[in-house]
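Order-wise, the sequence lines are chains X and Z. In terms of the working numbering, the first sequence opens at residue 1 and continues consecutively. In terms of the working numbering, the second sequence opens at residue 1 and continues consecutively. Virtual Cβ for every residue (Gly too), placed ideally from N, Cα, C. Since we're looking at a predicted model, the values are computed, not measured.
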Amino acid sequence: MEEAVYDVFARKRRAEPLRHIGYVDATDDALARVYAWKTYDEENWFEMCVVRRAHIIPVNRIDGPYAARATGRLGRHAVEGR
Amino acid sequence: MNAREFTPEVREALQRLILSLADTKRLLGIRYSDWLLGAPSIESGIATASMSQDEWGHARLLYAMLKDFGVDPVEVEHSRPPAEYCSASCLDEPFADWAGVVAGIVVVDGTLSLALEGFAAGAYDAARRRIPKMLAEEAFHRDFGQAWMRRISEGAEEGRQLLAAAVESMLPDAVTCLLPGDDEAELLAGAGVTVRPADARATLARRLAEPIAALRMEPAADPPLPADWMASRRRPTGEPAGDAVERARGDRNRALFVE
């Protein structure tokens, strides 16, 4: 079963914006939630979300990590069909 | 209600219930910790480490409730021999493989959480105050176990068979020790401290129906009390492996205790 990269976003207080705090590799959304919560549990987070990196749509750059159709920890720095 | 408001019989049974839950938490933490470095991925190892710490934190909170009964929790945590432990017997030995860890999370941790849910909803004030936070943390254990169980169930046949064997071996012990159907459990339910064993077991059967079906197992029959049941320890005869108890008591660090 192939793992995907999930980016982790969190904020400590309601008034703060979500910020990127790291990533985890997981085979599905359910495990990604658990891995994110358990890996980045050093803070008392108000909110945490995970996003499958492959679901992020790049807007102005095609060479950043979020532009990659990531299938592994480092991702692939290419956008298909551009 | 506080501990003094119960009858002496209920108080004794309540004390044994707390010790059984605390010891099972402590041993479960040990059994998770056996797999911090042997998990299938870094992320699953980190999650297992975190669950191990959760279980020890929960155990500490449960042991602290024993103060209500005039018992020193430090003595209980650090001085008892293995033969006095009241932990579920399916934790006496380490999990054999990762399938065993997953079965332990879903079956043992899941049954333990169900026992705690009933306790938190009962009449004992300390349980009503302290257990809900534990259960919130346990929600991630449940999600982790169920996700891994789905992954293994839908994977290779060998993995499914290993997991089914682990579930089959742990389930009767977990149900018997954590949701016992003995007179003392009925006494506690009658006093409003916990839910009736039959009701709790029915809830457990509903929760486990889907994972058991995914493993192509038959629903488990209600296990009877074993012939060697020890009501005083809420478990059958036997004891956790000595090395696990040495770690639980912190034997090697005894000179460094700061409590």
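Quick one: give me the first and last residue of the beta strand (DSSP E) that residue i is part of.
i: X:ALA20; result: Sequence check: residue 20 of chain X is His here, not Ala. It spans 19-26 - the beta strand (DSSP E) in which X:HIS20 sits, taken as one unbroken run.
i: Z:TYR63; result: Looking at the DSSP string, Z:TYR63 is not in any beta strand (DSSP E); the run it does join, the alpha helix (DSSP H), is 42-64.
Out of the options, state which residue places its alpha-carbon closest to the alpha-carbon of residue i.
i: Z:ALA221; options: Z:ARG252, Z:GLY110, Z:ARG207, Z:VAL175; result: Z:VAL175
i: Z:ASN253; options: Z:GLY29, Z:SER79, Z:GLU43, Z:ALA22; result: Z:SER79
i: Z:LEU179; options: Z:ARG201, Z:GLY192, Z:LEU19, Z:VAL245; result: Z:ARG201
i: Z:GLY122; options: Z:ASN2, Z:VAL245, Z:PHE257; result: Z:ASN2
i: Z:LEU133; options: Z:GLY57, Z:SER50, Z:THR7, Z:GLY110; result: The amino acid occupying residue 133 of chain Z in the given sequence is Lys; Leu does not appear at that position. For Z:LYS133, the nearest C-alpha among the options comes from Z:GLY57.
i: Z:SER52; options: Z:THR24, Z:MET65, Z:ALA64; result: Z:THR24
i: Z:CYS177; options: Z:LEU66, Z:ALA39, Z:PRO223, Z:PRO82; result: Z:PRO223
i: X:PHE9; options: X:PRO65, X:HIS55, X:VAL51, X:VAL59; result: X:VAL51
i: Z:ARG196; options: Z:ASP54, Z:ALA209, Z:ALA126, Z:ASP182; result: Z:ASP182
i: Z:ARG216; options: Z:PHE257, Z:ILE152, Z:ARG142, Z:ALA115; result: Z:ILE152
Could you check what DSSP says for residue i in three-state terms: helix, strand or coil?
i: Z:MET1; result: coil
i: Z:ARG207; result: helix
i: X:GLU47; result: strand
i: X:TRP37; result: helix
i: Z:PHE69; result: helix
i: Z:VAL193; result: coil
i: X:ASP7; result: strand
i: X:ARG52; result: strand
i: Z:PRO236; result: strand
i: Z:TRP98; result: helix
Is the CB of residue i under 7 Å away from at least one CB in chain Z?
i: X:VAL84; result: The displayed coordinates of chain X run from 1 to 82. Any statement about residue 84 of chain X would go beyond what the structure contains.
i: X:TRP37; result: yes
i: X:ALA30; result: yes
i: X:VAL8; result: no
i: X:VAL59; result: no
i: X:VAL5; result: no
Any beta carbon from chain X within less than 7 Å of residue i's own beta carbon?
i: Z:SER50; result: yes
i: Z:ARG151; result: yes
i: Z:ILE46; result: yes
i: Z:ASP143; result: yes
i: Z:ALA156; result: no
i: Z:ALA147; result: yes
i: Z:PHE95; result: no
i: Z:GLU137; result: no
Terminal residues of the continuous alpha helix (DSSP H) containing residue i?
i: Z:ASP173; result: 157-178
i: X:VAL59; result: Run containing X:VAL59: none; DSSP gives neither H nor E here.
i: Z:VAL10; result: 8-33
i: Z:SER153; result: 125-153
i: Z:PHE119; result: 110-120
i: Z:ARG247; result: 242-249
Touch test, the region 137-149 of chain Z against the region 74-88 of chain Z, Cβ-Cβ under 8 Å, three pairs minimum
no
With three or more C-beta pairs closer than 8 Å as the rule, is the region 189-205 of chain Z touching the region 237-253 of chain Z?
no
Given 8 Å as the limit, is there contact between the region 100-110 of chain Z and the region 58-74 of chain Z, that is, 3 or more CB pairs closer than that?
no
Stretch pair the region 18-34 of chain X + the region 147-154 of chain Z: three plus CB contacts closer than 8 Å
yes
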